[in-house]
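J.:
Number of protein chains: 2
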Amino acid sequence: MSMIDELLRNNEQFTAGFDHAELDASPARQVVLVTCMDARIDPAAALGLTPGDAHVLRNAGGLVTDDVVRSLAISQHALGTREIMVVQHTQCGMHGLDENALALKIGAAKGHPPNANVRFGAFTDLDTSVRASVARLRATDLLLHQDRIRGFVYEVETGRLREVS
Amino acid sequence: MSMIDELLRNNEQFTAGFDHAELDASPARQVVLVTCMDARIDPAAALGLTPGDAHVLRNAGGLVTDDVVRSLAISQHALGTREIMVVQHTQCGMHGLDENALALKIGAAKGHPPNANVRFGAFTDLDTSVRASVARLRATDLLLHQDRIRGFVYEVETGRLREVS
Numbered sequence: 022m023s024m025i026d027e028l029l030r031n032n033e034q035f036t037a038g039f040d041h042a043e044l045d046a047s048p049a050r051q052v053v054l055v056t057c058m059d060a061r062i063d064p065a066a067a068l069g070l071t072p073g074d075a076h077v078l079r080n081a082g083g084l085v086t087d088d089v090v091r092s093l094a095i096s097q098h099a100l101g102t103r104e105i106m107v108v109q110h111t112q113c114g115m116h117g118l119d120e121n122a123l124a125l126k127i128g129a130a131k132g133h134p135p136n137a138n139v140r141f142g143a144f145t146d147l148d149t150s151v152r153a154s155v156a157r158l159r160a161t162d163l164l165l166h167q168d169r170i171r172g173f174v175y176e177v178e179t180g181r182l183r184e185v186s
Numbered sequence: 022m023s024m025i026d027e028l029l030r031n032n033e034q035f036t037a038g039f040d041h042a043e044l045d046a047s048p049a050r051q052v053v054l055v056t057c058m059d060a061r062i063d064p065a066a067a068l069g070l071t072p073g074d075a076h077v078l079r080n081a082g083g084l085v086t087d088d089v090v091r092s093l094a095i096s097q098h099a100l101g102t103r104e105i106m107v108v109q110h111t112q113c114g115m116h117g118l119d120e121n122a123l124a125l126k127i128g129a130a131k132g133h134p135p136n137a138n139v140r141f142g143a144f145t146d147l148d149t150s151v152r153a154s155v156a157r158l159r160a161t162d163l164l165l166h167q168d169r170i171r172g173f174v175y176e177v178e179t180g181r182l183r184e185v186s
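Residue numbers (the working numbering), protein chains in the order written: chain A, 22 to 186; chain B, 22 to 186.
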């Protein structure tokens, strides 16, 4: 049986106790979290969020990419959010990742190399990466509110957020 | 006081009870969830996930974008995941969004129109959008495992997942 089938059984239990059908699409706390896909991060638990509170954007690294800017533009202009937290983390797979080695590995698995333009988002210094992502958000012309954008490192060893930028 | 400061206080409480310092970066359940940033969706609750279980990717719509493919390539080739769930949802802000009206709104707020190449990812039919995202993943040459990619609609009214593709 696939793992997805197991998660669907969990979802059946969840629906039996479902109690928040009436929430609004606009986040009640008017805040967006941008963070990594990492399995060790549970945004709701780490920040005390309940359903309806906040938009959550996640990708490999918690990097500010074109897709994150697109999503934030919709979040602010169409759904009323005003603050943004960028949260990258210790022990991230993107930290020190060898992009060329990964491309070679994919090429070996698939029988041909990936498109040479593909970039995976590796970085060499965590705090510098957070600052670069925050700087991009402060500079983009697609956002409405740029005075409350803050960058953090989440320590997977302690659960603590450390402010960087 | 900003909302972010309030969330940081919640994080202090979280760290006091923190009990999973030793988790591995590779997801224990070898599964990735791709879903929307929507504030009403709590992936951990809806699927019965605990820290360390699964990668979670989120953007506006739960659409498969370049950034999602990038993240999934890392997830599969570097961190050992094998299955992918794409979960879009009812009452999504991207469903029926008028892209031109949004561009005009941003232009009015910022004093100049956004780059004409910006696309926000609006869609007109939910099931069709899920199928298109799943099809893109089944066709990309950047993934290692493409036999267990499944598409769903999450009903924000009931919490239930309905399989589409």
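No residue lacks a Cβ here, since even glycine has one placed at the ideal position from N, Cα and C.
To which residues does DSSP link B:Thr56 through a beta bridge?
T.: B:Thr56 pairs with B:Arg79, B:Val108.
J.: Going by the beta-carbon positions, is the gap between A:Gln109 and A:Gly83 smaller than 8 Å?
T.: yes
J.: Identify the contact partners of B:His110 in chain A, using a Cβ-Cβ distance below 7 Å as the criterion.
T.: Correct list: empty, because the minimum Cβ distance to chain A is about 10 Å.
J.: When Cβ atoms are compared, which residues of the stretch 153-186 of chain B fall closer than 7 Å to chain A?
T.: Answer in chain order: Asp162, Leu163, Leu165, Arg169, Arg171, Glu178, Thr179, Gly180, Arg181, Leu182.
J.: In the DSSP assignment, find the unbroken beta strand (DSSP E) run with A:Phe173 in it and report its ends.
T.: 170-175
J.: How is A:Glu178 classed by DSSP in three states: helix, strand or coil?
T.: For A:Glu178, the secondary structure class from DSSP, reduced to helix, strand or coil, is coil.
J.: For B:Phe35 and chain A, any beta-carbon pair shorter than 8 Å?
T.: Yes, B:Phe35 counts as interfacial toward chain A.
J.: Less than 8 Å between the beta carbons of B:Arg105 and B:Val55, yes or no?
T.: The sequence as given places Ile at residue 105 of chain B; Arg does not occur at that position. Yes, Cβ-Cβ distance for B:Ile105 and B:Val55 is below 8 Å.
J.: Cα-Cα, which of A:Ala160, A:Phe35, A:Gln167, A:Gly180 is closest to B:Val177?
T.: A:Phe35
J.: Please state whether DSSP places B:His98 in a helix, a strand or coil.
T.: helix
J.: Leaving out five residues before and five after A:Ile127 in sequence, what residues of the same chain have Cβ atoms less than 8 Å from its Cβ?
T.: Pro134, Pro135
J.: When the cut-off is 8 Å and only beta carbons count, does B:Asp146 lie next to chain A?
T.: no
J.: Along chain B, which residues have their Cβ under 7 Å away from the Cβ of A:Glu104?
T.: Those are Ser23, Met24, Ile25, listed as they occur along chain B.
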